[in-house]
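First up is the structure itself, then whatever we jot down about it.
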Amino acid sequence: MSRSALRDALRQAPARKYAKNTLLWREGDTFSGLYLVRSGAVKTLRLTPGGEEQITGFYLPGEYIGLDELAADIHRSSAKATLGSEVHRLPALQLYDLMATGTERRHVYQLMSTCLRQNKARFHQLSRMSAGERLAHLIYDLAARYGFQGCVLRDFRIPVLRCDIANYIGVTPETVTREMIK
Numbered sequence: 248m249s250r251s252a253l254r255d256a257l258r259q260a261p262a263r264k265y266a267k268n269t270l271l272w273r274e275g276d277t278f279s280g281l282y283l284v285r286s287g288a289v290k291t292l293r294l295t296p297g298g299e300e301q302i303t304g305f306y307l308p309g310e311y312i313g314l315d316e317l318a319a320d321i322h323r324s325s326a327k328a329t330l331g332s333e334v335h336r337l338p339a340l341q342l343y344d345l346m347a348t349g350t351e352r353r354h355v356y357q358l359m360s361t362c363l364r365q366n367k368a369r370f371h372q373l374s375r376m377s378a379g380e381r382l383a384h385l386i387y388d389l390a391a392r393y394g395f396q397g398c399v400l401r402d403f404r405i406p407v408l409r410c411d412i413a414n415y416i417g418v419t420p421e422t423v424t425r426e427m428i429k
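At position 120 of the sequence shown (counting the first as 1) the number is 367 in our numbering, and the numbers step up by one without a gap.
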């Protein structure tokens, strides 16, 4: 199989439409497979012991969701559309069959490695940077993931709410506003 067999299999699955704030899966649900965002944006989150949402990631068109869930039989987080979104899903059994080939298994491992690197970068971001640096890093990251890296843009629409940005980078919504207008 070619290196793109996983993406091809996902794209062949029908895209399901999710309205804003609709859950793709809930924490504790049986692992349902790997997802690929076709349009819109999706956030992943966990509930804290106090019942508050803690956002763990944002996913944009062309990005996989669920790579960090492969090791478990249940989802350890929830996924929710932040905008009206279309998402492809490759059911778990199909994913496991596809991973039976060494080439596709290696491809999935590379994707998981990228996920781990991003998580390490986020940990560094949260533990070492100021609020302004965290926000700038997130905006740069979103721009690069949208393919705007190196471009000068006057307008850039961030597909998430200010309160979600604040939650993700560990500051208050007021801090996000203050840092954006500096």
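Built from N, CA and C at the ideal position, the CB exists for glycine as well.
Inter-residue Cα distance where the pair is residue i and residue j
{"i": "I312", "j": "V418", "result": "25 Å"}
{"i": "P424", "j": "G349", "result": "According to the sequence displayed, residue 424 carries Thr and not Pro. Whole-angstrom Cα-Cα distance: 48 Å."}
{"i": "M248", "j": "F278", "result": "Because M248 sits at a pLDDT of 39, beneath the cut-off of 50, its placement in the model cannot be relied upon, and the following sentence gives the value as read from the coordinates. Their Cα atoms are separated by approximately 25 Å."}
{"i": "A252", "j": "M427", "result": "41 Å"}
{"i": "L475", "j": "N366", "result": "In the structure as shown, the chain starts at 248 and stops at 429, and residue 475 therefore has no counterpart that could be examined."}
{"i": "I302", "j": "L389", "result": "15 Å"}
{"i": "E380", "j": "E299", "result": "25 Å"}
{"i": "P420", "j": "C410", "result": "5 Å"}
{"i": "Y415", "j": "L317", "result": "23 Å"}
{"i": "V355", "j": "L271", "result": "21 Å"}
{"i": "I412", "j": "G275", "result": "25 Å"}
{"i": "M359", "j": "R369", "result": "15 Å"}
{"i": "S332", "j": "L307", "result": "10 Å"}
Coil, strand or helix - residue i by DSSP
{"i": "R323", "result": "coil"}
{"i": "V334", "result": "strand"}
{"i": "T350", "result": "helix"}
{"i": "V418", "result": "coil"}
{"i": "T303", "result": "strand"}
{"i": "R432", "result": "The structure shown does not extend to residue 432, since the chain is modelled only from 248 to 429, so the question has no answer here."}
{"i": "L317", "result": "coil"}
{"i": "A266", "result": "coil"}
{"i": "T232", "result": "Since the first and last residues shown for the chain are 248 and 429, residue 232 lies out of range."}
{"i": "T329", "result": "coil"}
{"i": "S249", "result": "Note on S249: pLDDT 44, under 50, position unreliable in the model; no value is reported."}
{"i": "I428", "result": "helix"}
{"i": "L408", "result": "coil"}
{"i": "T361", "result": "helix"}
Closest residue to residue i among the options (Cα-Cα distance)
{"i": "T295", "options": "S325, L385, R369, T269", "result": "S325"}
{"i": "T291", "options": "Y387, A252, R273, G298", "result": "R273"}
{"i": "A288", "options": "R258, S251, L337, K327", "result": "K327"}
{"i": "K269", "options": "E316, L385, R293, L330", "result": "Here residue 269 is Thr; the residue named in the question, Lys, does not match the sequence. Comparing Cα-Cα distances from T269 to each of E316, L385, R293, L330, the minimum goes to L330."}
{"i": "K267", "options": "E300, I412, L408", "result": "L408"}
{"i": "Q372", "options": "I412, L363, R364, H384", "result": "H384"}
{"i": "Q259", "options": "G275, Y282, L271, Y265", "result": "Y282"}
{"i": "D255", "options": "G394, G309, G304, R364", "result": "G309"}
{"i": "P261", "options": "S286, V334, G275, R323", "result": "V334"}
{"i": "A378", "options": "L358, T422, S360", "result": "T422"}
{"i": "G257", "options": "Y265, V284, K264", "result": "Note on residue identity: the sequence assigns Leu, not Gly, to residue 257. Residue V284 is the option with its Cα nearest to L257."}
{"i": "K429", "options": "R392, G304, G297, L382", "result": "L382"}
Residue i: first and last residue of the uninterrupted beta strand (DSSP E) it sits in
{"i": "L283", "result": "281 to 286"}
Unbroken alpha helix (DSSP H) run spanning residue i, endpoints
{"i": "A256", "result": "252 to 259"}
{"i": "L342", "result": "339 to 345"}
Residue i beta carbon near the ligand SAM (any heavy atom closer than 6 Å)
{"i": "R258", "result": "The ligand content of the structure shown is nil, which means the ligand SAM is not present either."}
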